[in-house]
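Asks:
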Amino acid sequence: MSMLTRNLDLFDPIDAAVGERSTPEEQLEVIAGFVRGCVLCGLGRNRRHAVPGEGGARAGLMIVGEGPGENEDLQGRPFVGRAGELLDKILAAAELPRPSVFITNIVKCRAADMVDGKLVNRPPQAPEVNACRPYLVRQVEIIQPLVILCLGAPAARGVIDNNFNITEQRGRWFEGPYGSRLIATFHPAFILRRGGAGAGARELKKLVWEDMKKVMEALAD
Ligand code: URA
344 MSMLTRNLDL FDPIDAAVGE RSTPEEQLEV IAGFVRGCVL CGLGRNRRHA
394 VPGEGGARAG LMIVGEGPGE NEDLQGRPFV GRAGELLDKI LAAAELPRPS
444 VFITNIVKCR AADMVDGKLV NRPPQAPEVN ACRPYLVRQV EIIQPLVILC
494 LGAPAARGVI DNNFNITEQR GRWFEGPYGS RLIATFHPAF ILRRGGAGAG
544 ARELKKLVWE DMKKVMEALA D
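Using this note's numbering, you'd call the opening residue of the sequence shown number 344 and step up by one each time.
Shown next as structure tokens:
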């Protein structure tokens, strides 16, 4: 069982609002509206923009990252900074154009701490991930992707298993909701931190590409 389970609330205002819409595009917009107004955790207090996610409402592939960074917070769109550029290259190589994929994060607002007067990104904490998960669960319910690809350990821990070990368990398949298949690979920002073009980064890129080939095969099944 993955982390993407649902609370059995008898009445939930998000479900009620989603239920009034018939197309998945409209339903995703309802979720985005709730995300933009969300104050369920402290991250909502410092955001410039929430980042609900974007892409195909009937996408076969959903990509889940760790959370918005500075550029994403400024623009309200996922993966638009340097890590996003590398993700775009990976998607282009896999012949998966951005609009054919739905891209989102385990938390929809930037996690950052003030250090010496400057905001510095940090991984989201468990209570923040838990508060935000219902939005992701509903996005998965609406889109019903064939494959959910987690980028990096925090995303894999938020989606697949609390104790996920990215080095040991990346590239393996796990069972997700609605018949979906879950898999994780390294986060593009992790490759960039290894220097982008150096030997360490090259090795990581090779592993990510092995994982992407599995994703491509699963989408073609
Ligand atoms: N890194 C992430 O994990 N998500 C984004 O949206 C951007 C960078």
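For every residue, glycine included, the Cβ atom is placed at its ideal position computed from N, Cα and C. Please read these numbers as outputs of a predicted model, since none were measured by experiment.
#1: Go ahead and label residue 565 buried or exposed: buried means 16 or more other beta carbons lie within 10 angstroms of its beta carbon, across all protein chains shown.
#2: If you draw a straight line from the C-alpha of residue 415 to the C-alpha of residue 470, how long is it?
#3: State the start and end residues of the unbroken alpha helix (DSSP H) segment that holds residue 377.
#4: For residue 370, collect the residues of the same chain with a Cβ closer than 6 Å to its Cβ; drop the 5 residues on either side in sequence, then sort them by chain order.
#5: Going by DSSP, what residues sit across from residue 461 in a beta bridge?
#6: Should residue 494 be counted as a contact of ligand 1 given a C-beta to heavy atom distance under 7 Å?
#7: Would residue 492 and residue 406 be called neighbours here (beta carbons separated by less than 8 Å)?
#8: Taking all protein chains shown into account, decide if residue 478 is buried (16 or more other Cβ within 10 angstroms of its Cβ) or exposed.
#9: Just how far apart, CA to CA, sit residue 375 and residue 396?
#10: For residue 426, I'd like the list of residues in its chain whose CB is within less than 6 Å of its CB, leaving aside the five on either flank, ordered along the chain.
#11: Does any heavy atom of ligand 1 sit closer than 7 Å to the C-beta of residue 395?
#12: Taking a contact to mean a Cβ-Cβ separation below 8 Å, would you say residue 466 touches residue 448 in this structure?
#13: Check the C-beta distance from residue 444 over to residue 400 and give it rounded, since I have them as a contact under 8 Å.
#14: If you draw a straight line from the C-alpha of residue 504 to the C-alpha of residue 345, how long is it?
#15: Within a Cβ cutoff of 7 Å, which residues of the same chain sit near residue 561, ignoring the five residues on either side of it in sequence?
Replies: The short version:
#1: No statement about residue 565 is possible, as the shown extent of the chain runs from 344 to 564 and does not include it.
#2: In a straight line, the C-alpha of residue 415 is about 21 Å away from that of residue 470.
#3: Per DSSP, residue 377 belongs to the alpha helix (DSSP H) from 367–379.
#4: Setting aside the 5 residues that flank it on each side, residue 370 is surrounded in the same chain by 361, 364, 485, each with a C-beta closer than 6 Å to its C-beta; the list follows chain order.
#5: 458.
#6: Correct: residue 494 has its Cβ closer than 7 Å to ligand 1.
#7: In contact: residue 492 and residue 406 (Cβ atoms closer than 8 Å).
#8: With at least 16 other beta carbons inside 10 angstroms of its own, residue 478 counts as buried.
#9: So the alpha carbons of these two residues sit roughly 8 Å apart.
#10: Excluding five sequence positions before and after residue 426, the CB atoms of its chain that fall closer than 6 Å to its own CB belong to 531, 532, given in chain order.
#11: The beta carbon of residue 395 sits no closer than 7 Å to any heavy atom of ligand 1.
#12: Taking 8 Å as the Cβ cut-off, residue 466 and residue 448 do not qualify as a contacting pair.
#13: With a Cβ gap of about 11 Å, residue 444 and residue 400 do not count as contacting.
#14: Looking at the two C-alpha atoms, the distance is approximately 6 Å.
#15: Only 489, 490, 524 meet the Cβ criterion.
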